[in-house]
Amino acid sequence: MAGQHGRVSDIVARARALADDLLFPGAGGVDAAGAVPTAVLDALADAGLYGLTGPVAHGGLAADPGTVHAVAEALAGGDLSTAFVWLQHLTVPAMVAGSPLAEEYLSDLCAGRVRSGIALLAATRPQPVAITARREGEVFVLDGGVPWVTGWDHVDVVLVAARDDADVVHFLLVDAVAGPTLEAVQQQLVAVQASSTVELRLQGHEVPASRLVRSVPLAEWQAADPGNLRTNGSLALGLVGRCTRLADLPGLAADLTDTRARLDAAGPADLPGARAEAAALAHRAAGLLAVATGSRSVSRGHPAERLTREALFLLVFGSRPAIRAALLDRLGASRSGLGAGQDAAGR
1 MAGQHGRVSD IVARARALAD DLLFPGAGGV DAAGAVPTAV LDALADAGLY GLTGPVAHGG
61 LAADPGTVHA VAEALAGGDL STAFVWLQHL TVPAMVAGSP LAEEYLSDLC AGRVRSGIAL
121 LAATRPQPVA ITARREGEVF VLDGGVPWVT GWDHVDVVLV AARDDADVVH FLLVDAVAGP
181 TLEAVQQQLV AVQASSTVEL RLQGHEVPAS RLVRSVPLAE WQAADPGNLR TNGSLALGLV
241 GRCTRLADLP GLAADLTDTR ARLDAAGPAD LPGARAEAAA LAHRAAGLLA VATGSRSVSR
301 GHPAERLTRE ALFLLVFGSR PAIRAALLDR LGASRSGLGA GQDAAGR
């Protein structure tokens, strides 16, 4: 047990070293190429980071939430695209543990030999249902679309949530292989284009019932959702931390400490506001870095230019209506007359 504790306590230091020595020096090249090198993800797997949330019995670290958040923050401060791809994987070992698929998949998931993405939110939002599932004998048949699935070129399986007529959500491991009934359309993003984020379209796509991870009533899943918002906030904190290290912004470092503490202390009811605060701080930090850097910050490929685009991405990534409303209020929408139910594009 002492050895396991040492592995967990050391993992944050390893993540920070990877971020400073590998991810950040290569981030500009990753952004320009529009693809995360497989070798970079291999380095994360070799460091044990793919097993961060997996059970010890299958080679994982079973890290506590604070450790997960610290690792995610460190990696996001190195290269957001790489961190974004890796972060999707963490949900899957945790959900597969205790399922009928544990013995078949968990050891490989924890080692990073099998890498995974997620497509969960589309089926768990209110009507209309984005992805439907119906059971036909020994298969589930999936229809619909998922607008955001990250890491498509780097994953072997995607944990897809699909909803049936009884409002039960079925979580299924779907092979990440395009075909006649499964299409992956590349998204064009202003930032993290290297994350291989696609729109997933399914039409009559059959998944063996043996790939079912679990089934959960929609209301039960939605009730638990607010408590799952903390980890995504670490991406914004990581960007802020990098900005503070690239420019002499001591006040920003203090704000980072305060924002992290608020996120850590927030319960489900307070998390949307804390998430909004983190995203707004990343937006401000990137702006301050641009001003401190001067005219070089508008040169394509400069770190300040990339971080500014990433801060824009983080204003809307992983959002919920309550986060969006809090951000609009924080950024001054109440004074401009723009409400939480609309934006400048009318969406």
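Under full-length UniProt numbering, the final residue of the sequence shown carries the number 347; numbering is consecutive throughout. We put the CB at the ideal spot given by N, CA and C, even for glycine.
What does a CB cutoff of less than 6 angstroms around residue i pick up in its chain, not counting 5 residues either side in sequence?
i, result
"T244", "L252 and A253"
"G34", "Q193 and A194"
"G346", "Residue confidence for G346 is low, a pLDDT of 28 falling below 50, so the modelled location carries little weight and cannot support an answer."
"E206", "V139 and V141"
"L75", "A15, A19 and A83"
With the cut-off set at 8 angstroms, would you say residue i and residue j are in Cβ contact?
i, j, result
"G144", "A161", "no"
"L237", "L256", "yes"
"A19", "G59", "no"
"A285", "L239", "yes"
"V158", "V149", "yes"
"T308", "A247", "no"
"A97", "P65", "no"
"F313", "A191", "yes"
Could you name the residues of the same chain whose beta carbon sits closer than 8 angstroms to that of residue i, not counting the 5 residues immediately before and after it, in chain order?
i, result
"L41", "T82, V85, W86, G112, R115 and H154"
"A43", "L18 and L22"
Compute the Euclidean distance between the alpha carbons of residue i and residue j, then round it to the nearest angstrom.
i, j, result
"A17", "L80", "15 angstroms"
"L121", "G318", "9 angstroms"
"L229", "A269", "11 angstroms"
"P217", "L109", "26 angstroms"
"W221", "V185", "28 angstroms"
"V68", "G233", "12 angstroms"
"V177", "A326", "39 angstroms"
"G241", "G267", "24 angstroms"
"L328", "A280", "10 angstroms"
"T132", "D164", "6 angstroms"
Does chain C have any CB closer than 8 angstroms to the CB of residue i?
i, result
"L328", "As a matter of chain content, chain C is missing from the structure shown, which is built from one protein chain."
Determine the DSSP secondary structure at residue i, reduced to helix, strand or coil.
i, result
"F84", "helix"
"T197", "coil"
"Q342", "At Q342, the pLDDT of 42 sits below 50, so the modelled position is not reliable and the matter cannot be decided from this model."
"V192", "coil"
"G145", "strand"
"S116", "strand"
"L173", "strand"
"H205", "strand"
"G179", "strand"
Which residue marks the beginning of the beta strand (DSSP E) containing residue i, and which one marks its end?
i, result
"E132", "The sequence shown places Thr at residue 132, rather than the Glu named in the question. Residues I131 to E136."
"residue 357", "Residue 357 lies beyond the residue range present for the chain, which begins at 1 and ends at 347; the question has no answer from this structure."
Excluding the five sequence neighbours on either side, which residues of its own chain have a C-beta within less than 7 angstroms of the C-beta of residue i, listed in chain order?
i, result
"V71", "I11, V12, A15, L49 and L52"
"V198", "V149, W152, A184, V185, Q186 and Q187"
For the alpha helix (DSSP H) that residue i lies in, which residues bound it at each end?
i, result
"P65", "P65 to A76"
"L327", "P321 to R330"
"V160", "Careful: V160 lies outside any alpha helix (DSSP H), inside the beta strand (DSSP E) at V157 to R163."
"A184", "Taken as a continuous stretch (DSSP letters only), A184 belongs to no alpha helix (DSSP H), being part of the beta strand (DSSP E) at L182 to Q186."
"F317", "Careful: F317 lies outside any alpha helix (DSSP H) and carries neither H nor E."
"A43", "T38 to D46"
"L101", "Careful: L101 lies outside any alpha helix (DSSP H) and carries neither H nor E."
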